Amino acid sequence: METETLQQQVSRPLQLPDSLPEILRKRHALRKELLKQANLIPACIAILGGSTTSEVKNMLDLALLAQGIKPTFYESGYNRYYEDVLAANPDLWNFKPDVVFIHTTWHNVSSFPKLLESDAEVEEHLRREMARFESLWEKIHTELGALIIQNNFDLPRLRPLGNLEAFEPYCGVNFLLRLNAKFAAYACKHSRFLINDILYLCAQVGLNAWHEHNYWYNFHMALGPTATLALARNVAAIIKSAYGRSKKCLVLDLDNTLWGGVIGDDGVQKLLLGRDHPVGEAYLNFQKYVQDLQRRGIILAVCSKNDPENAKEGFTHPDSVLKLEDFAAFKANWNPKTANIREIAAELNIGLDTLVFVDDNPAERAFVAEQLPEVAVPDVGSDVSRFAEVLEQEHYFEVEKLVQEDLGRAACYASNAQRSASQTAFSNYPEYLASLNMSAEIGPFLPEYLERITQLVNKTNQFNLTTRRYTSAEVESMSRNPGFMTLYGRLTDKFGDNGLVSVLIGRITGKTLEMDLWLMSCRVLNREMELAMFDALIEQCQTRGIREILGIYIPSKKNRMVAGHYAGLGFSCAERNSEGRELWRYAVPEIYSPKTRYIHRITAAAGRS
Amino acid sequence: MTQSEFLNELDEILGLPAGTVRADRKLDELENWDSMALISFIVLAESHSNVSISPAQIVTCSTVADLLALAQVRANGAELQK
Numbered sequence: 048m049e050t051e052t053l054q055q056q057v058s059r060p061l062q063l064p065d066s067l068p069e070i071l072r073k074r075h076a077l078r079k080e081l082l083k084q085a086n087l088i089p090a091c092i093a094i095l096g097g098s099t100t101s102e103v104k105n106m107l108d109l110a111l112l113a114q115g116i117k118p119t120f121y122e123s124g125y126n127r128y129y130e131d132v133l134a135a136n137p138d139l140w141n142f143k144p145d146v147v148f149i150h151t152t153w154h155n156v157s158s159f160p161k162l163l164e165s166d167a168e169v170e171e172h173l174r175r176e177m178a179r180f181e182s183l184w185e186k187i188h189t190e191l192g193a194l195i196i197q198n199n200f201d202l203p204r205l206r207p208l209g210n211l212e213a214f215e216p217y218c219g220v221n222f223l224l225r226l227n228a229k230f231a232a233y234a235c236k237h238s239r240f241l242i243n244d245i246l247y248l249c250a251q252v253g254l255n256a257w258h259e260h261n262y263w264y265n266f267h268m269a270l271g272p273t274a275t276l277a278l279a280r281n282v283a284a285i286i287k288s289a290y291g292r293s294k295k296c297l298v299l300d301l302d303n304t305l306w307g308g309v310i311g312d313d314g315v316q317k318l319l320l321g322r323d324h325p326v327g328e329a330y331l332n333f334q335k336y337v338q339d340l341q342r343r344g345i346i347l348a349v350c351s352k353n354d355p356e357n358a359k360e361g362f363t364h365p366d367s368v369l370k371l372e373d374f375a376a377f378k379a380n381w382n383p384k385t386a387n388i389r390e391i392a393a394e395l396n397i398g399l400d401t402l403v404f405v406d407d408n409p410a411e412r413a414f415v416a417e418q419l420p421e422v423a424v425p426d427v428g429s430d431v432s433r434f435a436e437v438l439e440q441e442h443y444f445e446v447e448k449l450v451q452e453d454l455g456r457a458a459c460y461a462s463n464a465q466r467s468a469s470q471t472a473f474s475n476y477p478e479y480l481a482s483l484n485m486s487a488e489i490g491p492f493l494p495e496y497l498e499r500i501t502q503l504v505n506k507t508n509q510f511n512l513t514t515r516r517y518t519s520a521e522v523e524s525m526s527r528n529p530g531f532m533t534l535y536g537r538l539t540d541k542f543g544d545n546g547l548v549s550v551l552i553g554r555i556t557g558k559t560l561e562m563d564l565w566l567m568s569c570r571v572l573n574r575e576m577e578l579a580m581f582d583a584l585i586e587q588c589q590t591r592g593i594r595e596i597l598g599i600y601i602p603s604k605k606n607r608m609v610a611g612h613y614a615g616l617g618f619s620c621a622e623r624n625s626e627g628r629e630l631w632r633y634a635v636p637e638i639y640s641p642k643t644r645y646i647h648r649i650t651a652a653a654g655r656s
Numbered sequence: 002m003t004q005s006e007f008l009n010e011l012d013e014i015l016g017l018p019a020g021t022v023r024a025d026r027k028l029d030e031l032e033n034w035d036s037m038a039l040i041s042f043i044v045l046a047e048s049h050s051n052v053s054i055s056p057a058q059i060v061t062c063s064t065v066a067d068l069l070a071l072a073q074v075r076a077n078g079a080e081l082q083k
């Protein structure tokens with residue numbers, strides 16, 4: 048029985064068990080299984096602690112492995128988070144962390160105001176505390192270049208001044224909340240700096256379980272075991288999002304998932320949806336939650352065993368906040384859900400590992416989880432009022448930054464469905480492409496696009512010739528380095544703005560340009576956008592006296608679609624090693640006629656006006 | 002929970018093959034007996050019964066039998082009284 052449970056978890060390694068005792072008991076076995084996953088991303092993580100961190104490290108190790116990241120850790124000495132950085136501890140510097148996690152709590156505030164101190168004196172305490180932390184962050188940023196994850200402050204278990212603590216500036220609780228606001232303001236102004244929100248976590252876990260006296264007095268662990276697990280999951284989610292491992296698409300069942308009842312049997316009038324029924328209100332609120340996800344860029348799809356006409360009718364319910372056009376893919380039929388989910392991924396051109404499947408039916412969940420282990424299948428149960436909480440608990444859709452492109456993304460995928468519909472109206476593909484009235488803004492990286500460029504670099508898997516990942520600091524430095532040639536591309540058509548969809552980075556050596564990175568979002572596949580990018584690349588080469596372009600193709604599990612990319616552009620293959628890595632050459636002609644036929648090129652200034 | 006079931010859990014906590022941990026084993030000779038294992042023991046013992054165990058009590062333990070006594074698992078293998 049024991050082994051059977053473990054095997055079930057192992058076949059779905061992306062989820063840790065929910066219960067703390069279970070995780071602690073199976074820690075060694077779980078870790079062993081998680082390490083067997085393919086394509087683990089290595090990451091060097093420094094934990095700088097204001098209290099004991101060995102348990103934080105152990106839990107974070109598991110939580111990261113469950114997110115597909117294989118960490119190597121550095122731990123500061125006990126409460127040496129400040130000295131380690133300020134004194135530039137060579138062990139830390141030689142470790143070259145990708146991520147620095149500063150695990151401080153309210154115990155680490157160096158000076159709280161004294162009773163009845165004036166507002167000006169309290170301000171001075173705030174200023175001093177911020178200056179202390181800022182000096183730390185600035186030094187990490189400039190000398191280590193690592194992504195910084197900083198805890199904000201939790202609340203102490205005791206509040207000697209009772210409710211006064213909430214509003215008097217000289218009281219501890221009020222002071223901590225003001226420090227948190229200052230940390231937040233810093234995070235808004237600085238890239239590569241993210242907050243691990245332990246104020247939220249301590250409320251969620253409850254202060255008595257957050258701070259356990261036993262563990263503080265015996266080990267100086269600021270957090271108890273339950274809290275440590277919650278913290279580890281939260282930090283792992285942030286790191287996963289920074290590595291582009293967050294999910295992109297929510298696949299939803301309909302009956303008893305988005306509304307109460309079975310539409311085919313009950314009809315639209317009898318569905319439980321809306322404020323006039325307690326269960327109906329819970330479904331309404333779940334729909335609103337899903338709508339919020341869609342608005343921030345999560346793609347929606349339906350996967351339901353239903354007659355398509357019945358299924359669609361559900362969305363005509365007067366209280367349905369979700370509408371048919373919110374879904375980028377709609378599968379309502381009697382085929383197995385696994386087949387439908389595969390089709391959804393194919394239609395949307397995204398990997399199965401970017402999907403989250405929500406279904407109230409445990410049999411469907413078990414079937415999908417077993418047949419498609421890449422798909423995340425949360426155990427949502429059958430109580431709709433818990434669905435959203437379960438989704439949040441797994442941190443599927445964590446983002447490190449929200450950019451304009453995110454807001455339009457889900458709508459863009461949904462309008463792609465319209466594009467496909469309009470495509471069928473044309474007898475041939477070129478005619479369709481011409482009808483799209485496409486225009487592309489292509490040019491060297493601009494500062495305002497660096498966040499989006501970094502995002503694309505870290506999450507594009509399919510149309511990606513080398514799958515090299517770069518941090519925003521690296522992208523920024525390449526954009527300013529004359530030894531590199533950079534190009535971004537945005538594409539607009541008559542259905543809307545597709546946003547920034549393509550990125551090229553080349554390394555210049557003498558008169559040769561070696562293509563370090565060439566990637567494109569699959570949402571604009573087969574639109575000749577890659578040709579427009581190539582035209583722009585050739586222009587840049589001509590202007591900068593580049594005579595030859597070297598194309599590199601490094602095969603991965605996911606980028607087979609671009610295996611013929613350089614051949615298609617007229618490059619010739621120069622080398623192919625045993626791992627399938629290829630080198631292609633192209634002589635830049637003096638006279639070049641653009642390959643783009645259907646995309647009109649516009650300048651950056653015109654594109655932004 | 003019987004003594005042998007509890008010993009099996011200790012094997013798991015320590016990542017050792019089943020049957021490795023016996024009641025007469027000395028803690029400081031147990032492979033992987035570290036702070037994380039100690040915390041895991043507390044959490045598990047507390048989740049199985051209503052006992053509350055402090056890390057300070059564990060520091061006084063020298064053998065696995067001492068741990069079993071703390072977790073109120075009877076040495077004769079009888080069921081733990083909830």
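Same order as they appear, the protein sequences are chains Y and R.
Each number in our numbering corresponds to the 1-based position in the first sequence with 47 added.
Each number in our numbering corresponds to the 1-based position in the second sequence with 1 added.
Each residue gets a CB set at the ideal place from its N, CA and C atoms; glycine is no exception.
Since the model is a prediction, treat every value here as computed from it, not as a measurement.
Residue i and residue j closer than 9 Å at C-beta
i: residue 70 of chain Y; j: residue 369 of chain Y; result: no
i: residue 158 of chain Y; j: residue 174 of chain Y; result: no
i: residue 532 of chain Y; j: residue 491 of chain Y; result: yes
i: residue 233 of chain Y; j: residue 181 of chain Y; result: yes
i: residue 245 of chain Y; j: residue 231 of chain Y; result: no
i: residue 548 of chain Y; j: residue 522 of chain Y; result: no
i: residue 489 of chain Y; j: residue 517 of chain Y; result: no
i: residue 605 of chain Y; j: residue 539 of chain Y; result: no
i: residue 576 of chain Y; j: residue 646 of chain Y; result: yes
i: residue 262 of chain Y; j: residue 270 of chain Y; result: yes
i: residue 321 of chain Y; j: residue 453 of chain Y; result: no
i: residue 486 of chain Y; j: residue 543 of chain Y; result: no
i: residue 422 of chain Y; j: residue 388 of chain Y; result: yes
C-alpha gap between residue i and residue j, whole angstroms
i: residue 109 of chain Y; j: residue 81 of chain Y; result: 8 Å
i: residue 618 of chain Y; j: residue 408 of chain Y; result: 52 Å
i: residue 565 of chain Y; j: residue 289 of chain Y; result: 20 Å
i: residue 191 of chain Y; j: residue 410 of chain Y; result: 49 Å
i: residue 57 of chain Y; j: residue 651 of chain Y; result: Confidence at residue 57 of chain Y is low in this model, with a pLDDT of 35, below 50, so the placement of that residue should be treated as unreliable; the coordinate-derived value is given next. Cα to Cα, the separation comes out at about 49 Å.
i: residue 49 of chain Y; j: residue 137 of chain Y; result: Interpretation of residue 49 of chain Y is limited by its pLDDT of 36, a score under 50 that renders its predicted location unreliable; the figure taken from the coordinates is listed afterwards. Taking the straight line joining both Cα atoms gives about 46 Å.
i: residue 101 of chain Y; j: residue 331 of chain Y; result: 44 Å
i: residue 632 of chain Y; j: residue 587 of chain Y; result: 17 Å
i: residue 161 of chain Y; j: residue 458 of chain Y; result: 53 Å
i: residue 309 of chain Y; j: residue 352 of chain Y; result: 10 Å
i: residue 14 of chain R; j: residue 31 of chain R; result: 12 Å
i: residue 42 of chain R; j: residue 114 of chain Y; result: 26 Å
i: residue 52 of chain Y; j: residue 17 of chain R; result: Low per-residue confidence applies at residue 52 of chain Y: pLDDT is 38, beneath 50, and the placement is therefore not dependable, though the value from the model is reported in the following sentence. Their backbone Cα atoms lie some 18 Å apart in a straight line.
i: residue 168 of chain Y; j: residue 91 of chain Y; result: 41 Å
i: residue 260 of chain Y; j: residue 59 of chain R; result: 16 Å
i: residue 283 of chain Y; j: residue 250 of chain Y; result: 19 Å
i: residue 600 of chain Y; j: residue 4 of chain R; result: 59 Å
i: residue 337 of chain Y; j: residue 56 of chain R; result: 44 Å
i: residue 297 of chain Y; j: residue 33 of chain R; result: 41 Å
i: residue 537 of chain Y; j: residue 266 of chain Y; result: 54 Å
i: residue 559 of chain Y; j: residue 597 of chain Y; result: 7 Å
Under 7 Å by beta carbon: chain Y residues contacting residue i
i: residue 48 of chain R; result: 68
i: residue 57 of chain R; result: 265
i: residue 44 of chain R; result: 67, 68, 71, 272
Within chain R, the residues that residue i reaches when beta carbons sit closer than 8 Å
i: residue 105 of chain Y; result: 37
i: residue 573 of chain Y; result: None at all; the shortest Cβ gap to chain R is about 51 Å.
Contact set between residue i and chain R, taken where Cβ atoms lie within less than 9 Å
i: residue 76 of chain Y; result: 13, 16
i: residue 126 of chain Y; result: By Cβ distance, chain R contributes nothing, its closest Cβ being about 16 Å from residue 126 of chain Y, past 9 Å.
i: residue 102 of chain Y; result: 36, 37, 40
Residues that residue i contacts on chain Y, provided the C-beta gap is smaller than 8 Å
i: residue 10 of chain R; result: 72
Chain-ordered chain R contacts of residue i [CB-CB under 7 Å]
i: residue 261 of chain Y; result: 55, 56
**OP:** Say whether the region 542-556 of chain Y touches the region 578-597 of chain Y, bearing in mind that this needs 3 or more beta-carbon pairs closer than 8 Å, one atom from each stretch.
**Re:** Yes, they touch.
Original post:
Unbroken alpha helix (DSSP H) runs of length 4 or more, entirely within the region 84-160 of chain Y: which are they?
Top reply: The region 84-160 of chain Y contains these whole alpha helix (DSSP H) runs: 101-113, 128-133, 137-142.
Subject >> In chain order, each alpha helix (DSSP H) run of at least 4 residues that lies wholly inside the region 247-290 of chain Y >> reply: Annotation note: the region 247-290 of chain Y contains the following uninterrupted alpha helix (DSSP H) runs of length 4 or greater, listed N- to C-terminal: 254-257, 260-266, 272-289.
Subject >> Cβ contact (3+ pairs, closer than 8 Å) linking the region 47-59 of chain R and the region 16-24 of chain R >> reply: Segments in contact, no.
Original post:
With a cut-off of 8 Å, do at least 3 Cβ pairs link the region 202-210 of chain Y to the region 132-149 of chain Y?
Top reply: No: the two stretches stay apart, fewer than three of their Cβ pairs being nearer than 8 Å.
Subject >> Length at least 4, wholly inside the region 480-509 of chain Y: the alpha helix (DSSP H) runs in chain order >> reply: Counting only runs that start and end inside the region 480-509 of chain Y, the alpha helix (DSSP H) elements of at least 4 residues fall at 497-506.
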